[in-house]
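Residue numbers (the working numbering): -17 to 314.
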């Protein structure tokens, strides 16, 4: 809190030689002053997030239009690199915002061997919207810009939906079994459309992010699922299988991230106002070609029930190791 102490000294006309009582904001019970300072912290941080978004989104959209106007592959490849550079700049300012206002200590292990010129599938446990900010912060300039597979309807999210489209986030439309039963001619069309959207990633290193649990962890969801894991929801194999099928052999490595909040899962407001003192992340990088046993054929996941069962079993084993790591951290 030295920054705030300095502001207070200036505001009261601090003079050397005189005695002042300085409140200690970092110990003892939460005080009104400390709460106000956290609120000020959060408000300034939220303002900076908003201004940063307002700066980058129009620029990204303008560049995306220029990219579409010239139907030449070299031009569009160049513009794709330029758009991703804008996204990296956007995240870099967000990271500066976090260092300035959140001042959370991140303990990260396992980042060795990453490269910005490779293709990655990134998976992680999911507890809070803060997870996304953390992953962007940790991997910014370490791997290619993170992109998420998004549901088709998310393109209508005000402001951000168009930005995701401009940055080549793959939008996918998954048809339910009941829908396909009524419209059998559409079987396989969702995968075909997504594969076509992913063709552009052949020419530029890419990182695809997937939250395997499909939703944020809560105690209620954990109980409702009767999850066999202590700190995790059941992993959904379909999401990873869909990405691997859509991307073909383009992806080279799996990055498995374990996120742990020692003081409990924070809200976005908790994070930006400086209430979260420490977060731990472990990164495990594995070549995809060596990852699956020989009897698992991911490309047959959607057509072969036996392959689905084997892949789900493999994923459960990975989740068991993640659950044990979280338990070890929690008991330290």
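C-beta atoms are modelled at their ideal positions from N, C-alpha and C, and glycine is treated no differently.
When you compare only the Cα positions, how much space is there between residue 274 and residue 131?
-> Against the chain shown, residue 274 aligns to sequence position 292. Against the chain shown, residue 131 aligns to sequence position 149. Distance between residue 274 and residue 131, taken at the CA atoms: about 22 Å.
Those runs of the alpha helix (DSSP H) which lie wholly inside the region 104 to 151 and span at least 4 residues = 112 to 121 and 142 to 148
Measure the C-alpha to C-alpha separation of residue 306 and residue 56 and round it to an integer number of angstroms.
-> As a first step, residue 306 must be located in the chain shown, where it is residue number 324. As a first step, residue 56 must be located in the chain shown, where it is residue number 74. If you take the alpha carbons of residue 306 and residue 56, they lie about 48 Å apart.
Entirely enclosed alpha helix (DSSP H) segments - the region 17 to 105, minimum 4 residues | 55 to 79
Does DSSP put residue 212 in a helix, a strand or coil?
-> Taking the first residue of the chain shown as 1, we reach residue 212 at position 230. Coil, per DSSP.
Strand pairing of residue 153, partner residues [DSSP] | Position 171 of the chain shown holds residue 153. Per DSSP, 132.
For residue 129, which residues from the same chain have a beta carbon less than 8 Å from its beta carbon, with the 5 sequence-adjacent residues on both sides left out?
-> Locating residue 129 in the chain shown gives position 147, where the first residue counts as 1. The residues are 149, 150, 151, 152, 188, 189, 190 and 191.
Specify the secondary structure class of residue 236 as computed by DSSP and reduced to three states.
-> Taking the first residue of the chain shown as 1, we reach residue 236 at position 254. Of the three classes helix, strand and coil, the one that applies to residue 236 here is strand, per DSSP.
Which of helix, strand or coil DSSP assigns to residue 293 | Sequence index remark: in the chain shown, residue 293 carries index 311 (1-based). Note: residue 293 maps to helix in three-state DSSP.
Pick out whichever of 213, 58, 67 and 125 has its Cα sitting closest to the Cα of residue 265.
-> Along the chain shown, one-based indexing puts residue 265 at 283. Relative to the Cα of residue 265, the nearest Cα in the group 213, 58, 67 and 125 belongs to 125.
What's the C-alpha gap between residue 4 and residue 207?
-> Working through the chain shown from its first residue, we reach residue 4 at position 22. Working through the chain shown from its first residue, we reach residue 207 at position 225. Low local confidence applies: a pLDDT of 47 at residue 4 is under 50, so the model's placement there is unreliable, with the coordinate-based value given in what follows. Approximately 51 Å, taken between the alpha carbons.
Measure the beta-carbon distance from residue 250 to residue 111 and round it to whole angstroms, keeping in mind my assumption that it falls under 8 Å.
-> Counted from its first residue, the chain shown places residue 250 at position 268. Counted from its first residue, the chain shown places residue 111 at position 129. So it is a contact: roughly 5 Å between Cβ atoms.
Collapsed DSSP secondary structure at residue 273 in the structure displayed = Within the chain shown, numbered from 1, the residue matching residue 273 stands at position 291. Residue 273 falls in the coil class under three-state DSSP.
Touching by the beta-carbon criterion (3+ pairs, under 8 Å), the region 232 to 239 and the region 253 to 273 = yes
Within 10 angstroms of the Cβ of residue 287, are there 16 or more other Cβ atoms? Answer buried if so, exposed if not.
-> On the chain shown, residue 287 is found 305 positions in, with the first residue counted as 1. Its Cβ having fewer than 16 others within 10 Å, residue 287 is exposed.
Straight-line gap, residue 136 to residue 147 (C-alpha atoms, nearest Å) = Sequence index remark: in the chain shown, residue 136 carries index 154 (1-based). Sequence index remark: in the chain shown, residue 147 carries index 165 (1-based). Going by the C-alpha atoms only, they are around 10 Å apart.
Own chain residues within Cβ distance below 8 Å of residue 296, not counting five before or after | Stepping through the chain shown from its first residue, residue 296 is reached at position 314. The answer, listed in chain order, is 274, 275 and 278.
Hey, residue 83 and residue 23: beta-carbon distance below 7 Å or not?
-> Translated into the one-based positions of the chain shown, residue 83 becomes position 101. Translated into the one-based positions of the chain shown, residue 23 becomes position 41. Cβ distance < 7 Å, so residue 83 and residue 23 count as in contact.
Secondary structure of residue 254, DSSP reduced to three states | One-based indexing of the chain shown puts residue 254 at position 272. Residue state, collapsed to three classes: helix.
Rounded to whole angstroms, what's the CA-CA distance from residue 73 to residue 303? Just pull it up for me.
-> As a working mapping, residue 73 is identified with position 91 in the chain shown. As a working mapping, residue 303 is identified with position 321 in the chain shown. Distance between residue 73 and residue 303, taken at the CA atoms: about 31 Å.
For residue 198, which residues from the same chain have a beta carbon less than 7 Å from its beta carbon, with the 5 sequence-adjacent residues on both sides left out?
-> If you number the chain shown from 1, residue 198 lands on position 216. Cβ neighbours of residue 198 beyond the five flanking positions: 108, 109 and 110.
With distances taken from CA atoms, which of 101, 71 and 29 is nearest residue 118?
-> Translated into the one-based positions of the chain shown, residue 118 becomes position 136. Looking at the Cα atoms, 71 is the closest of the given residues.
Look at the alpha carbon of residue 116 and the alpha carbon of residue 243, and state the distance between them as a whole number of angstroms.
-> As a first step, residue 116 is located in the chain shown; it is residue number 134 there, counting from the start. As a first step, residue 243 is located in the chain shown; it is residue number 261 there, counting from the start. A direct Cα-to-Cα measurement between residue 116 and residue 243 gives close to 11 Å.
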